[in-house]
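Novice: Chains as they are written, first to last, in full-length UniProt numbering: chain A, 1 to 274; chain B, 1 to 274. Take this structure, written in structure tokens, and hold onto it; I'll ask about it next.
Structure representation (structure tokens):
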């Protein structure tokens with residue numbers, strides 16, 4: 001049996017009781033470590049579970065499924081993923097590959113940012129399409145997510161922006177070499193995301209195209225579900241200057257606000273002094 | 001401290017380890033019993049937790065918060081809700097009322113249908129606005145959700161349809177009486193939802209307005225996350241005749257399908273023989 005077990009968002013104790021039982025008895029337990037991170041690391045998880053975890057990075061998941069699935073017809077193999085198992089395309093693809101190999105699979109669900117974002121008080125049924133904001137590099141500044149934010153906004157809907165995570169990205173120089181070298185991991189902050197969006201607004205200002213106001217209310221969330229969760233609501237222009245601390249961050253661009261939503265947001269409006 | 005603890009979707013063991021610790025030590029534990037249901041009932045939860053639960057129905061949550069919050073400044077009061085705490089407006093409102101009374105609160109997240117729907121293989125970032133389909137009564141047949149499905153579909157997005165739950169609905173006759181009488185609980189099935197949508201399509205066919213094809217691919221899911229989870233993918237017209245068994249059900253109207261999504265759906269296309 002191949003299990004994909006969601007760990008939730010906060011710390012080691014956010015795993016479900018069902019998930020923990022499987023982790024404790026499984027023959028082998030992998031920890032997926034590139035689509036998201038918890039606020040605690042591998043060691044905290046290992047000490048809570050009382051067993052060793054094998055790190056499964058991108059190369060392993062994408063290229064070594066024969067190792068990952070080895071013996072899964074007779075044994076219990078578990079893959080732990082932060083959030084919910086189906087939050088990333090990678091995991092859907094993996095489940096499909098298991099199925100095609102005739103390996104039985106089970107999924108243990110958990111919270112993901114897509115529902116936990118409700119912690120900021122915005123109603124989940126009023127969110128439109130979710131977007132991802134990638135880190136820009138020189139000459140590569142994709143902004144298709146901006147049109148989706150506008151499309152949601154025009155219908156009064158909020159937009160959840162998932163912010164780029166770059167873990168174990170090979171350096172450009174090492175791509176053609178036998179031994180890959182990796183860039184240090186980086187996680188886009190709400191401030192970085194706000195700055196990129198403000199740049200797009202500036203570029204569009206010269207044209208007659210629909211645009212976003214720099215004063216649009218947005219909500220930055222950091223380390224949702226953990227003891228050190230932080231939420232900040234303010235205009236987009238201010239978000240660029242606010243530091244919400246360690247990763248992971250997500251950003252919401254508000255659509256039309258219901259009075260209940262506005263009242264809920266009030267508790268997150270104090271700008272931390274720097 | 002006032003805790004709102006998500007129970008997830010399947011059974012008693014879908015609670016998180018963190019949530020279970022609080023349930024075991026809290027001074028009083030309420031079970032919210034009208035916005036959703038688990039595939040197991042109160043007794044199974046009580047026997048798993050080893051303690052008594054107090055049922056909190058709609059009247060209680062909406063009108064007796066003074067009882068619910070009684071002593072929450074010194075004691076630990078927990079409210080258990082199916083799915084994630086912020087899945088229903090009721091719970092956001094409740095947290096806000098706690099905050100306004102100066103009662104500290106904490107939220108323990110869990111899976112909700114909004115992310116667990118990924119189990120059907122459709123990618124979560126390709127879902128548009130979520131809609132709710134209400135039971136129609138004579139002379140009251142709201143169909144504003146249909147426009148939202150069309151709006152999502154026109155942009156290639158999937159639509160998650162949450163289906164009506166009627167628990168402890170007072171009978172029309174008893175509304176003016178002192179002693180309320182209640183209708184038996186009912187939970188809309190994917191078949192009932194499909195029939196209502198087909199009726200709307202029929203009505204629109206005479207007009208030149210945009211419409212949905214009856215052959216649109218939809219995915220019915222039942223009891224997601226439980227051992228008896230069932231998923232069915234088929235044209236909308238066929239969904240009307242398929243029985244997915246006991247509640248809860250949800251329905252997805254597919255937008256544009258990526259080859260990976262189509263391949264994933266194949267495993268759910270066998271129509272059960274009746």
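Positions of the beta carbon are idealized from the N, C-alpha and C atoms, including for glycine.
What does residue 326(A) touch in chain B if you count any residue whose Cβ is under 7 Å from its own?
Specialist: A question about residue 326(A) goes unanswered here, because the residues of chain A that appear run from 1 up to 274.
Novice: In chain B, what lies closer than 7 Å to residue 112(A) by C-beta?
Specialist: 115
Novice: In chain order, what residues of the segment 213 to 228 of chain B put their CB closer than 9 Å to some CB of chain A?
Specialist: If the cut-off is 9 Å between Cβ atoms, the segment 213 to 228 of chain B has 224 and 225 near chain A.
Novice: So the candidates are 156(B), 158(B), 147(B) and 160(B); which of them puts its Cα closest to the Cα of residue 155(A)?
Specialist: In this structure, 147(B) is the residue among 156(B), 158(B), 147(B) and 160(B) with its C-alpha nearest to the C-alpha of residue 155(A).
Novice: Around the Cβ of residue 262(A), are there at least 16 other Cβ atoms within 10 angstroms (buried) or fewer (exposed)?
Specialist: exposed
Novice: With the cut-off set at 8 Å, would you say residue 9(B) and residue 83(B) are in Cβ contact?
Specialist: yes
Novice: Which residues of chain B have a Cβ atom closer than 8 Å to the Cβ of residue 155(A), listed in chain order?
Specialist: 129 and 151
Novice: Measure the alpha-carbon distance for residue 183(B) versus residue 167(B) and round it to whole angstroms.
Specialist: Computed Cα separation, rounded: 8 Å.
Novice: From residue 274(A) to residue 116(A), what distance separates their C-alpha atoms?
Specialist: Bear in mind that a pLDDT of 49 at residue 274(A), under 50, signals an unreliable position, so the number given afterwards is only what the model happens to contain. One C-alpha to the other measures close to 28 Å.
Novice: Could you check what DSSP says for residue 85(B) in three-state terms: helix, strand or coil?
Specialist: Looking at residue 85(B) - three-state DSSP - the assignment turns out to be helix.
Novice: Can you find a C-beta in chain A that's less than 8 Å from the C-beta of residue 49(B)?
Specialist: No, residue 49(B) does not count as interfacial toward chain A.
Novice: Return the residues of the segment 86 to 114 of chain A that lie within a Cβ-Cβ distance of less than 7 Å from chain B, sorted by chain order.
Specialist: Residues are counted here when their Cβ sits less than 7 Å from a Cβ of chain B; for the segment 86 to 114 of chain A these are 86, 87, 89, 92, 93, 96, 99, 107, 109, 110, 111, 112 and 114, given in chain order.
Novice: Taking 8 Å as the threshold (beta carbon to beta carbon), is residue 256(A) in contact with chain B?
Specialist: no
Novice: Judging by CA-CA distance, which residue of 108(B), 42(B), 45(B) and 124(B) is the nearest neighbour of residue 15(A)?
Specialist: 108(B)
Novice: Counting Cβ pairs closer than 8 Å, one from the segment 201 to 218 of chain B and one from the segment 229 to 237 of chain B, do we hit at least three?
Specialist: yes
Novice: Taking 8 Å as the cut-off, decide whether the C-beta atoms of residue 244(A) and residue 232(A) are in contact.
Specialist: In this structure, residue 244(A) places its C-beta atom within 8 Å of the C-beta atom of residue 232(A).
Novice: Quick one, which of 112(B), 87(B) and 113(B) has its alpha-carbon nearest residue 123(A)'s?
Specialist: 87(B)
Novice: Would you identify the three-state DSSP class for residue 230(B), choosing helix, strand or coil?
Specialist: strand
Novice: Give the C-beta separation of residue 72(B) and residue 2(B) to the nearest angstrom, bearing in mind that I take them to be a contact with Cβ-Cβ under 8 Å.
Specialist: The C-beta separation of residue 72(B) from residue 2(B) comes to about 5 Å, placing the pair in contact by the 8 Å criterion.
Novice: Please name the residue in 39(B), 145(B), 61(B) and 64(B) whose C-alpha comes closest to that of residue 253(B).
Specialist: 145(B)
Novice: Is any beta-carbon of chain E found at less than 8 Å from that of residue 132(A)?
Specialist: No chain E appears in this structure, whose protein chains are A and B.
Novice: Taking the continuous beta strand (DSSP E) assigned at residue 35(B), which residues delimit it?
Specialist: Note, residue 35(B): premise wrong, no beta strand (DSSP E); not H, not E.
Novice: Short of 9 Å Cβ to Cβ, which residues in the segment 35 to 47 of chain A face chain B?
Specialist: The segment 35 to 47 of chain A vs chain B, Cβ under 9 Å: nothing.
Novice: If I measure Cβ to Cβ from residue 121(B) and keep anything under 7 Å in the same chain, skipping five residues before and after, which residues do I get?
Specialist: 261, 264 and 265
Novice: Along chain B, in chain order, which residues have C-beta atoms closer than 9 Å to that of residue 84(A)?
Specialist: 111, 115, 116, 118 and 124
Novice: Using three-state DSSP, classify residue 258(B) as helix, strand or coil.
Specialist: coil
Novice: Can you name the residues of chain B whose CB is closer than 7 Å to the CB of residue 172(A)?
Specialist: Result: empty, since nearest Cβ-Cβ is about 27 Å, beyond 7 Å.
Novice: For a contact meaning CB atoms closer than 7 Å, what does residue 121(B) contact in chain A?
Specialist: 92
Novice: Going by CA-CA distance only, name the one from 199(B), 127(B) and 195(B) that's closest to residue 157(B).
Specialist: For residue 157(B), the closest C-alpha among the options 199(B), 127(B) and 195(B) is that of 127(B).
Novice: Let me confirm a value: residue 179(B) is counted as buried when at least 16 other C-beta atoms fall within 10 Å, else exposed. Which label applies?
Specialist: Taking all protein chains in view, the Cβ of residue 179(B) is surrounded by fewer than 16 other Cβ atoms within 10 Å, so the residue is classified as exposed.
Novice: Please identify, using Cβ separations under 7 Å, the residues of the segment 258 to 269 of chain B that lie next to chain A, in order along the chain.
Specialist: 260, 263, 264 and 267
Novice: DSSP on residue 72(A), reduced to helix/strand/coil?
Specialist: In the structure shown, residue 72(A) sits in coil (DSSP, three-state: anything other than H, G, I, E or B).
Novice: Measure from the C-beta of residue 20(A) to each C-beta in chain B and report whether the shortest distance is under 8 Å.
Specialist: yes
Novice: For the beta strand (DSSP E) that residue 2(B) lies in, which residues bound it at each end?
Specialist: Counting along the chain, the beta strand (DSSP E) containing residue 2(B) begins and ends at 2 to 6.
Novice: The alpha helix (DSSP H) that contains residue 113(A), what's its start and end?
Specialist: 113 to 116
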